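2 protein chains.
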Amino acid sequence: MRNIRMIISYDGTSYNGFQSQPNGNTIQDRLEHALSRLTGEPVKIIGSGRTDAGVHARKQVVNFSTSSRIPTEKWTKALNSLLPEDILAVYADEVPEYFHARKCAKMKTYRYTIRNSCYPDIFRRHFEYHHYTPLDHAAMRRALAYLVGTHDFTSLCSARSTQESHVRTLFRAELTAVPIMDDPIREGTLITIDLTGNGFLYNMVRIIVGTLIQIGEGKRTSESMGLILAGKDRSLAGPTAMAHGLTLWDIKYDEIGDIT
Amino acid sequence: MRNIRMIISYDGTSYNGFQSQPNGNTIQDRLEHALSRLTGEPVKIIGSGRTDAGVHARKQVVNFSTSSRIPTEKWTKALNSLLPEDILAVYADEVPEYFHARKCAKMKTYRYTIRNSCYPDIFRRHFEYHHYTPLDHAAMRRALAYLVGTHDFTSLCSARSTQESHVRTLFRAELTAVPIMDDPIREGTLITIDLTGNGFLYNMVRIIVGTLIQIGEGKRTSESMGLILAGKDRSLAGPTAMAHGLTLWDIKYDEIGDIT
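Sequences listed follow chains A and B, in order. Numbering of the first sequence is given in my numbering, commencing with residue 22 and proceeding in unit increments. Numbering of the second sequence is given in my numbering, commencing with residue 22 and proceeding in unit increments.
So this is what it looks like as structure tokens:
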């Protein structure tokens with residue numbers, strides 16, 4: 022059997038998240054259905070991780086076993102012809118048998134985008150969270166600094182998390198704020214929050230962002246982020262930010278070289 | 022009666038164009054319906070110009086007469102609460118009675134966006150035309166230079182145009198090509214073609230772009246653009262480019278000062 026690895030991009034707007042579930046309509050369902058049609062055999066894919074309903078992926082990585090002889094360079098085009106227009110395969114290669122999209126992932130980056138302005142951007146409305154009142158970027162940056170390093174993120178993940186350990190390492194937590202120039206009324210700021218870590222817990226990025234927005238609004242201090250983390254209690258943190266502002270941005274693999 | 026002017030942005034994907042028509046489902050219909058509900062009186066709007074089915078607007082300008090006393094600063098928020106999420110009012114002011122969104126427009130800019138790469142951008146798929154094979158930017162730029170100035174654009178507008186005169190002035194015709202860096206596989210070029218003129222004929226931008234793409238592919242020479250223009254015959258030009266790559270980008274008004 023061959024082990025095929027692919028980079029998949031998707032607009033998560035219309036889906037119930039990445040992972041297969043009883044209600045159906047997931048990215049995984051669509052990919053497996055298209056791959057099974059393409060190869061003529063049942064295909065089960067392994068994703069680098071789940072994304073929630075409405076969350077997008079610029080770079081999701083999957084792998085699967087197949088006996089198909091389709092040459093590596095033909096996979097993406099053939100698969101895209103069978104996928105809906107909001108899911109796209111952009112890269113494929115054949116990898117050693119031991120490669121596992123989730124277990125071998127060394128680093129993941131999620132990006133959360135906030136349009137902090139009077140009006141949403143109509144062309145980006147499914148990919149940016151629109152926040153009306155001004156946010157204090159400096160306070161948000163100070164709060165993010167508390168998160169870098171190895172911590173127990175119990176306070177900043179869903180109480181429904183079933184993971185044994187909530188200890189994760191964040192390598193980078195960065196906020197970028199750029200004045201909006203493309204808009205017809207040139208007003209406001211586009212804020213992107215990039216979190217890079219060795220793994221993320223259920224709703225972790227969205228709860229971090231929901232808390233960060235309250236800090237940006239002055240409802241909490243920057244220092245509160247340290248206390249929230251130390252308290253190991255979900256109820257200490259802010260709300261879960263809306264799904265549509267979140268994108269799985271990048272994944273790095275060590276062993277077999279980075280993909281791009 | 023007050024004369025209210027507004028800037029409207031819209032994602033044209035789901036509509037049969039700007040202007041009201043028997044089949045319905047146009048931007049104008051939605052705006053008039055929402056404005057009539059808001060003011061409690063029938064409202065007829067005047068747009069700066071039509072856009073075809075699937076064409077977008079970053080900045081469309083409309084005006085309308087109303088006896089409503091809603092204060093200027095309340096119009097956009099009130100209207101947006103009644104509009105679908107793909108139509109957005111971003112500015113409103115009260116203008117002198119003589120202001121007419123179409124007749125007073127001095128300059129319009131349309132932008133056509135081509136993603137010249139292996140894969141479309143899944144997040145921009147409704148707003149960019151995806152072209153697979155490489156395009157010769159220098160040849161396309163040379164061809165655009167033929168269009169600047171005052172010309173009879175009969176060859177470059179729909180044969181169904183009912184305008185008396187096809188003479189229009191283009192002030193600017195510019196192609197920008199930027200390497201794609203945001204994509205997971207960082208490949209290809211994003212091409213934007215900006216055309217600024219005193220007026221545009223039916224399908225004019227799309228026929229210019231359709232011809233330009235053939236020039237970029239090497240199927241026609243740059244110099245052919247001059248001959249096409251001189252021939253005053255639609256059949257000399259290339260095909261009409263896809264609607265979804267086109268956006269009404271900007272409109273300038275002289276008399277009462279520019280809006281933004």
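Ideal placement from N, C-alpha and C gives every residue a C-beta, glycine not left out. All values derive from a computational prediction rather than experimental measurement.
Start and end of the beta strand (DSSP E) containing residue i?
{"i": "alanine 99 of chain A", "result": "Run containing alanine 99 of chain A: none in the beta strand (DSSP E); it sits in the alpha helix (DSSP H), 96 to 101."}
{"i": "methionine 27 of chain A", "result": "23 to 31"}
{"i": "methionine 161 of chain B", "result": "Unbroken run through methionine 161 of chain B is the alpha helix (DSSP H), 158 to 166; no beta strand (DSSP E)."}
{"i": "aspartate 215 of chain B", "result": "210 to 218"}
{"i": "glycine 170 of chain A", "result": "170 to 173"}
{"i": "leucine 16 of chain A", "result": "Chain A is shown only over 22 to 281; residue 16 of chain A falls outside these bounds and no answer can be derived."}
{"i": "methionine 128 of chain B", "result": "126 to 137"}
{"i": "arginine 79 of chain A", "result": "77 to 87"}
{"i": "leucine 257 of chain A", "result": "Counting along the chain, leucine 257 of chain A falls outside any beta strand (DSSP E), and DSSP gives it neither H nor E."}
What residues of chain B sit near residue i, judged by a beta carbon separation below 9 Å?
{"i": "serine 30 of chain A", "result": "Tyr140, Asp142, Ile143, Phe144, Asp204 and Pro205"}
Buried or exposed: residue i, going by 16 or more other Cβ atoms within 10 Å of its Cβ?
{"i": "proline 117 of chain B", "result": "exposed"}
{"i": "glutamine 49 of chain A", "result": "buried"}
{"i": "aspartate 32 of chain B", "result": "buried"}
{"i": "tyrosine 133 of chain B", "result": "buried"}
{"i": "histidine 54 of chain A", "result": "exposed"}
{"i": "alanine 166 of chain B", "result": "exposed"}
{"i": "methionine 246 of chain B", "result": "buried"}
{"i": "proline 43 of chain B", "result": "exposed"}
{"i": "lysine 124 of chain A", "result": "exposed"}
{"i": "lysine 80 of chain B", "result": "buried"}
{"i": "aspartate 275 of chain B", "result": "exposed"}
{"i": "aspartate 203 of chain B", "result": "exposed"}
Are the CB atoms of residue j and residue i within a distance shorter than 7 Å?
{"i": "isoleucine 212 of chain B", "j": "serine 30 of chain A", "result": "no"}
{"i": "cysteine 178 of chain B", "j": "tyrosine 150 of chain B", "result": "no"}
{"i": "leucine 168 of chain A", "j": "alanine 126 of chain A", "result": "no"}
{"i": "isoleucine 28 of chain B", "j": "valine 76 of chain B", "result": "no"}
{"i": "arginine 189 of chain A", "j": "glycine 218 of chain A", "result": "yes"}
{"i": "leucine 308 of chain A", "j": "leucine 59 of chain A", "result": "As displayed, chain A neither begins before 22 nor continues past 281, which places residue 308 of chain A out of reach and without an answer."}
{"i": "threonine 72 of chain B", "j": "leucine 233 of chain B", "result": "no"}
{"i": "isoleucine 206 of chain A", "j": "valine 111 of chain B", "result": "yes"}
{"i": "alanine 78 of chain B", "j": "glycine 38 of chain B", "result": "no"}
{"i": "threonine 93 of chain A", "j": "glutamate 62 of chain A", "result": "no"}
{"i": "aspartate 271 of chain B", "j": "threonine 130 of chain B", "result": "yes"}
{"i": "threonine 97 of chain A", "j": "alanine 122 of chain A", "result": "no"}
{"i": "serine 329 of chain B", "j": "lysine 253 of chain B", "result": "Given a span of 22 to 281 for chain B in the structure shown, any question on residue 329 of chain B remains unanswerable."}
{"i": "alanine 180 of chain B", "j": "arginine 255 of chain B", "result": "yes"}
{"i": "aspartate 185 of chain A", "j": "cysteine 139 of chain A", "result": "Reading the sequence as shown, one finds glutamate at residue 185 of chain A and not aspartate. No, the pair does not count as a contact, with Cβ atoms beyond the cut-off."}
Compute the Euclidean distance between the alpha carbons of residue i and residue j, then round it to the nearest angstrom.
{"i": "isoleucine 1 of chain A", "j": "asparagine 84 of chain A", "result": "Within the shown structure, residues of chain A are numbered from 22 to 281, placing residue 1 of chain A beyond reach of any answer."}
{"i": "arginine 90 of chain B", "j": "isoleucine 135 of chain A", "result": "34 Å"}
{"i": "leucine 257 of chain B", "j": "valine 226 of chain B", "result": "15 Å"}
{"i": "phenylalanine 221 of chain A", "j": "histidine 147 of chain A", "result": "23 Å"}
{"i": "threonine 87 of chain B", "j": "isoleucine 25 of chain B", "result": "7 Å"}
{"i": "methionine 286 of chain B", "j": "aspartate 157 of chain B", "result": "Absent from the structure is residue 286 of chain B, since the part of chain B shown begins at 22 and ends at 281."}
{"i": "serine 35 of chain B", "j": "serine 243 of chain A", "result": "43 Å"}
{"i": "leucine 191 of chain B", "j": "methionine 161 of chain B", "result": "16 Å"}
{"i": "alanine 251 of chain A", "j": "histidine 172 of chain A", "result": "9 Å"}
{"i": "leucine 248 of chain A", "j": "proline 200 of chain B", "result": "44 Å"}
{"i": "asparagine 137 of chain B", "j": "lysine 273 of chain A", "result": "27 Å"}
{"i": "histidine 187 of chain B", "j": "arginine 241 of chain B", "result": "24 Å"}
{"i": "arginine 23 of chain B", "j": "leucine 267 of chain B", "result": "33 Å"}
{"i": "threonine 261 of chain A", "j": "serine 102 of chain A", "result": "36 Å"}
{"i": "leucine 196 of chain B", "j": "glutamate 106 of chain A", "result": "28 Å"}
{"i": "alanine 198 of chain B", "j": "threonine 210 of chain B", "result": "6 Å"}
{"i": "asparagine 46 of chain B", "j": "glutamate 238 of chain A", "result": "40 Å"}
{"i": "leucine 216 of chain B", "j": "serine 57 of chain B", "result": "34 Å"}
{"i": "histidine 265 of chain B", "j": "glycine 68 of chain A", "result": "32 Å"}
{"i": "serine 41 of chain A", "j": "arginine 51 of chain A", "result": "9 Å"}
Taking the alpha helix (DSSP H) that residue i falls in, what are its first and last residues?
{"i": "glycine 252 of chain B", "result": "245 to 252"}
{"i": "glycine 237 of chain B", "result": "225 to 237"}
{"i": "isoleucine 48 of chain B", "result": "48 to 60"}
What residues of chain B sit near residue i, judged by a beta carbon separation below 7 Å?
{"i": "lysine 80 of chain A", "result": "Pro205"}
Under 7 Å Cβ-Cβ, which residues of chain A neighbour residue i?
{"i": "glutamate 106 of chain B", "result": "Arg146"}
{"i": "valine 111 of chain B", "result": "Tyr140, Pro205 and Ile206"}
Is any heavy atom of the ligand GDP found at a distance shorter than 6 Å from the C-beta of residue i?
{"i": "tryptophan 270 of chain A", "result": "What this structure holds is no ligand at all, so the ligand GDP is not there to describe."}
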